[in-house]
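Engineer: Dumping the structure here so I can ask a few things about it.
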Amino acid sequence: MAAALQLDRVSKTYGSKGGPNLRAVDNVSLTIREGERVALIGASGSGKSTLIRLAAGLILADAQGGGSGAVHAFGIRVQENGRLAREVRAARRNIGLVFQQFALSGRLSVMTNVLVGVLGRISALRGTFGLFNADEKRTAYAALAEVGIAQHAAKRARELSGGQQQRVAIARALVQGAKLVLADEPIASLDPKSAKRVMDTLVTMSRDYGIALVVSLHQVDYATAYFDRVIAMNGGRVVFDGPASKINAGFLTELYGASAEELILPSQFAVAAPAVTHHPSSQPVS
């Protein structure tokens, strides 16, 4: 069985005028299994968002040679050695994306935004002119019903609240038929009630349809409550990869440089402190 997502020694360096280069992601290797739900945590600038974008092929990894910088989704190459693979379009058909800013067209209807999810499997002519058939429209409406906002199908996307717009993005991933969803800080701009609703929707979708789910989060309490596996990043490296139950106050204080009580409720801490190399893919902190 092919892994849902596999990264092999992936790095990303950004140049800086008049200063040192920034290594945003530093030699990261990891594997996400089919149907697995994984939270990605770490302070701002730790490399979480960059890693998500590398996994989706939205940015290119550093060219290093020797097979480094390879990303595969369900056994199909996304990129390798600083170049997108020829088969990247086929790989992306399996990948749904959910972003903090929703990535919707506000002037278009909610239904049309969801139907964008089928563009990868219809002709360019049909996609350009919005010629969606009855089956595709039924599927889109069913996806909206699945996330609880079918009643808003005819509204313009910009008329919806932030939490509702995020659920439109999730419905789009369902219509796409994604087998892997990468969500980059999907609840960062939402109020607590909307954030919980979005997280409930994402996890339910993953569980019911066997979709692998990788979510980058600033909210540690959501990471420990919703996910069995947590990957923590610091300085572009994976410093912990293991069970959420191993996350404790001391580790969080070290990771974020703040008291754990500011990040998560004490009752959610496990007793044992996690080591920084619980998983073969973990990278040591330099």
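Position one of the sequence shown corresponds to residue 1 (full-length UniProt numbering), numbered consecutively onward. Note that the Cβ used here is the ideal one computed from N, Cα and C, for glycine as well.
Classify GLU159 as helix, strand or coil using the three-state DSSP reduction.
Structural biologist: helix
Engineer: Comparing alpha-carbon positions, which option in ARG37, ASN81 and GLY163 lies nearest PRO192?
Structural biologist: Of the candidates ARG37, ASN81 and GLY163, the one whose C-alpha sits nearest the C-alpha of PRO192 is GLY163.
Engineer: DSSP beta-bridge partners for LEU97?
Structural biologist: LEU182
Engineer: Along the chain, where does the alpha helix (DSSP H) that runs through ARG33 open and close?
Structural biologist: Where ARG33 is concerned, there is no enclosing alpha helix (DSSP H), given that its DSSP letter is neither H nor E.
Engineer: Please identify the residue among VAL239, VAL230 and ASN234 whose C-alpha is closest to the C-alpha of SER245.
Structural biologist: VAL230
Engineer: Can you tell me whether ALA258 is buried or exposed, with buried defined as 16 or more other CB within 10 angstroms of its CB?
Structural biologist: exposed
Engineer: Taking 8 Å as the threshold (C-beta atoms), are VAL25 and SER11 in contact?
Structural biologist: Their beta carbons are under 8 Å apart, which means SER11 touches VAL25 by this criterion.
Engineer: Any idea what DSSP makes of LEU265, helix, strand or coil?
Structural biologist: Because the pLDDT of LEU265 is 47, which lies under 50, any placement of that residue in the model is unreliable, and the number read from its coordinates should be weighed accordingly. Three-state DSSP puts LEU265 in coil, outside helix and strand.
Engineer: Given GLU87, which residues of its chain have a CB within under 8 Å of its CB, disregarding the five upstream and five downstream residues?
Structural biologist: ILE76 and ARG77
Engineer: What are the boundary residues of the beta strand (DSSP E) that PHE240 is part of?
Structural biologist: 237-243
Engineer: Hey, would you say GLY82 sits closer than 8 Å to ALA63, going by beta carbons?
Structural biologist: yes
Engineer: Is DSSP giving HIS218 helix, strand or coil here?
Structural biologist: coil
Engineer: Out of curiosity, what's the CA-to-CA distance linking ALA223 and ARG9?
Structural biologist: 25 Å
Engineer: Straight-line CA distance for ALA73 to ALA4?
Structural biologist: 5 Å
Engineer: Under 8 Å by Cβ, that's how I've got ASP184 and ILE52 pegged, so tell me the actual separation to the nearest angstrom.
Structural biologist: 5 Å
Engineer: Please report the residue range of the alpha helix (DSSP H) in which ALA91 lies.
Structural biologist: 88-92
Engineer: Classify GLN151 as helix, strand or coil using the three-state DSSP reduction.
Structural biologist: helix
Engineer: Do GLN100 and ALA232 have their CB atoms nearer than 8 Å?
Structural biologist: no
Engineer: Expressed to the nearest angstrom, what Euclidean distance is found between the alpha-carbon atoms of VAL203 and VAL214?
Structural biologist: 10 Å
Engineer: Going by beta carbon distance, what residues of the same chain come within less than 6 Å of GLY117, once the five residues before and after it are set aside?
Structural biologist: ARG172, VAL175 and GLN176
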